[in-house]
Each structure stands twice: as C-alpha cells, then as structure tokens.
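Trainee: Shown below is the structure under consideration.
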C-alpha cells in the first residue's frame, strides 16, 4: 500500500521534471488512450449485441417455411449482421422473381448468380462495418511505444545537455531529467498494452462473425435454390 502511495506522490514530481516536448507527447498519448478505450468499449458492446441478435434471428429464420417469410413481414432488425445479409439477398430475390417471365416464379441459373453476388456484397459490407474503428487500435498499438520512446530519447538528450552545462555528472543532477524522460515510455506502454489485448480480442471476434456471415449466406443460397431454382437449370 505504501509502495503505491509513494508512486502516486512521485508522479507530480516526475511530471514537473519532464521537458515541454515530453509533456506534449504525454498529452498526445492520453488522447490516444481515450480514443483506444472508446473504440474497445464501443466495439465490444456492438459485437455483444450483434451476437445476441444473430442467435435470435437464426432461430426465427430456420422456423420459417419459406425463405421470404421474414422479408414479407417488412420487419427491420437494427444491429443484426445476419438480418442485413438476409434482407439484401431477399431484396434481390424478390426483384428477380417479380421480373421473371414464368408464372411459377422460378429462378434460372443466371438470375441465381445475381442473388449470390448480392449476398457476397452484403457479407463484405457487414464485415467492413464490424471492422470499422479497429485502425485506431492498430495505430495505438504500433505508434504509442514509439512516441513514448521519442519522448524518452528527447528527455535524456536534454538531461545530458543540462549536465554538460552544469559541469557535474552526479546522480542528483542527472536523476530528475532521466525520470522525466522515462515517464513518456511508461505512458506509451500504458496505451499500447491494453490496446494490443483489445485489438487481438476484437480481431478474433471479427473473424468469427465473418465465418458466421459466410455460412449463413451459403445456407440462404441453398434454401433459395431448393425453393425457387428451376429444375432444368436453364439460363436466361
């Protein structure tokens, strides 16, 4: 307990010993940290909500007797990636069926390809939405330690310049400047380490979501082919 109190009491002293350049770098790192934590918390909540809605949607989708069952009810589920893919695919499907020359509302192989491409675009768009913001974490992970190192090198350079002007190299002369220089490295690591863990966790979840989207698109294509594809497979 006394150890942490000592560290807390030393922080104002170390801050006062830091050079103006080091203080500027610390402020920049603090801004990085705010953005990084904001992204991590926002994306974590977004993915948690998306996972919950995906499960509920899959239960409802598989309970439908027809592919267009949910689509024809004109429902909208905000924040559900699977529903977004389903909705885009059904829009394309409904448009193709409406323009079909046959009275039985069947798809040919060529029109089925249009539906598949619509689903592929929807999967890509939803993946990009889930991935948005991760670049800020990547910048924090890779850039924060180097900013901290820059502040440390700059501070040490200033400390040695001060020692050169004083003409003495004792510990009492060097220690304040070195302490003020090292604080930027500490701040850089405090930004980078949580960002690294958060980034890796989010990337893992993003890969899981992407696989789920691809699998659902394949399942939807299979159901559409069973229900609407012409048996003879003739193209337009």
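In our numbering, the protein residues as written are 39 to 274.
We put the CB at the ideal spot given by N, CA and C, even for glycine.
Since we're looking at a predicted model, the values are computed, not measured.
Can you tell me which of the three DSSP states residue 262 falls into?
Mentor: helix
Trainee: Quick one: Cα of residue 272 to Cα of residue 105, how far?
Mentor: With a pLDDT of 47 at residue 272, under the threshold of 50, the modelled position of this residue cannot be trusted; read the value that follows with caution. So the two alpha carbons sit approximately 22 Å from each other.
Trainee: Given 8 Å as the limit, is there contact between the region 144-151 and the region 185-203, that is, 3 or more CB pairs closer than that?
Mentor: no
Trainee: Express the C-alpha separation of residue 130 and residue 109 in angstroms, rounding to a whole number.
Mentor: 11 Å
Trainee: Which of helix, strand or coil does DSSP assign to residue 267?
Mentor: strand
Trainee: Let me confirm a value: residue 134 is counted as buried when at least 16 other C-beta atoms fall within 10 Å, else exposed. Which label applies?
Mentor: buried
Trainee: Reducing DSSP to helix, strand and coil, say where residue 106 ends up.
Mentor: The answer is coil: DSSP assigns residue 106 none of H, G, I, E or B.
Trainee: List the whole-angstrom C-beta distance separating residue 180 from residue 74, where the pair is believed to meet the contact cut-off of C-beta under 8 Å.
Mentor: That pair is no contact at about 12 Å.
Trainee: Tell me the residue span of the alpha helix (DSSP H) that contains residue 90.
Mentor: 58-100
Trainee: For residue 159, which of helix, strand or coil comes out of DSSP?
Mentor: helix
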